[in-house]
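Q:
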Amino acid sequence: MTGDEIVLGPLPKGITRAKEGMRKRVWNVLGHTYWMKAGSESSFAFETFDPPGTGVPPHVHPTQDEHIYVLEGVFTLYLDGEWTTAGPGDTVLMPRNLPHAYYNRSEGPTRGLFWVSPAGRLAALFDQLHDLTDPDEVVRRSAEHDVHFLPPGSVEGA
């Protein structure tokens, strides 16, 4: 993927079909599959497929509010010092600056519709993380795109 495909300006009209990404954008990030569902400078939405045993460690978005609408399975979530779960039909709200994480600790896959506002540079980050296999490099590049991971071991159970 290239940054040339990032939508700048208002959200374009149209339909992003099931099992496809807007403008065919799909990313593989450390075992997760992300399909871009909507993107503009004001908001960014993506669907995830998370196999058992995958997750995103505790991190903070200092400039974005993030939400998850759970489509399938159960997410184990860290939200500002507390562990909880969310299942199909639940909406998870993660305001900017709130430390959060999500994991699939079940035996089946999970799927969720994630969105952030404003869009920031998250799509550009996913372009850089696509097929990257080094978690330390993921953390480094994420920090350059306003996603800051907490130090390993700083959250019990993560």
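In the UniProt record's numbering, the protein residues as written are 1 to 158. Ideal Cβ placement from N, Cα and C applies to all residues, glycine included.
1. Going by the beta-carbon positions, is the gap between residue 144 and residue 110 smaller than 8 Å?
2. If contact is defined by three or more beta carbon pairs under 8 Å, each pair taking one atom from either stretch, is the segment 29 to 48 in contact with the segment 118 to 135?
3. In three-state DSSP terms, what is residue 24?
4. Taking just the CA atoms, how far does residue 157 sit from residue 23?
5. Quick one: what's got a C-beta closer than 7 Å to residue 3's C-beta in the same chain, skipping five residues either side?
6. Could you give the distance in angstroms between the alpha-carbon of residue 1 and the alpha-carbon of residue 17?
7. If I follow the unbroken alpha helix (DSSP H) through residue 139, where does it start and stop?
8. Output the boundary residues of the alpha helix (DSSP H) element that contains residue 80.
9. Under the DSSP definition of a beta bridge, which residues are partnered with residue 32?
10. What distance in whole Å lies between the Cβ atoms of residue 97 and residue 62, which are believed to be in contact at a cut-off of 8 Å?
11. Measure the alpha-carbon distance for residue 142 versus residue 149 and round it to whole angstroms.
A: Let me spell this out:
1. For this step, residue 144 is matched to residue 144 along the sequence shown. For this step, residue 110 is matched to residue 110 along the sequence shown. In this structure, residue 110 does not lie closer than 8 Å to residue 144 by Cβ.
2. yes
3. In the sequence shown, counting from the first residue as 1, residue 24 sits at position 24. Three-state result, residue 24: helix.
4. If you number the sequence shown from 1, residue 23 lands on position 23. If you number the sequence shown from 1, residue 157 lands on position 157. Whole-angstrom Cα-Cα distance: 37 Å.
5. If you number the sequence shown from 1, residue 3 lands on position 3. Because the pLDDT at residue 3 is just 43, under 50, the model does not fix this residue reliably, and the value given afterwards should be weighed accordingly. Closer than 7 Å at Cβ, skipping near neighbours: 124 and 127.
6. On the sequence shown, position 1 is the one that residue 1 refers to. On the sequence shown, position 17 is the one that residue 17 refers to. Note that residue 1 scores a pLDDT of 38, beneath 50, so its modelled location is shaky; the value from the coordinates is reported in the next line. Their Cα atoms are separated by approximately 19 Å.
7. Reading the sequence shown from its first residue, position 139 is the one you call residue 139. First-last of the alpha helix (DSSP H) with residue 139: 135 to 143.
8. In the sequence shown, residue 80 corresponds to position 80, counting from 1. No alpha helix (DSSP H) holds residue 80; DSSP gives it neither H nor E.
9. Residue 32 sits at position 32 when you count from the first residue of the sequence shown. Per DSSP, 29.
10. Along the sequence shown, read from residue 1 onward, the residue named residue 62 stands at position 62. Along the sequence shown, read from residue 1 onward, the residue named residue 97 stands at position 97. Yes, they are in contact, since the Cβ atoms of residue 62 and residue 97 sit about 6 Å apart, within 8 Å.
11. Taking the sequence shown and counting its residues from 1, the one referred to as residue 142 is at position 142. Taking the sequence shown and counting its residues from 1, the one referred to as residue 149 is at position 149. Approximately 8 Å, taken between the alpha carbons.
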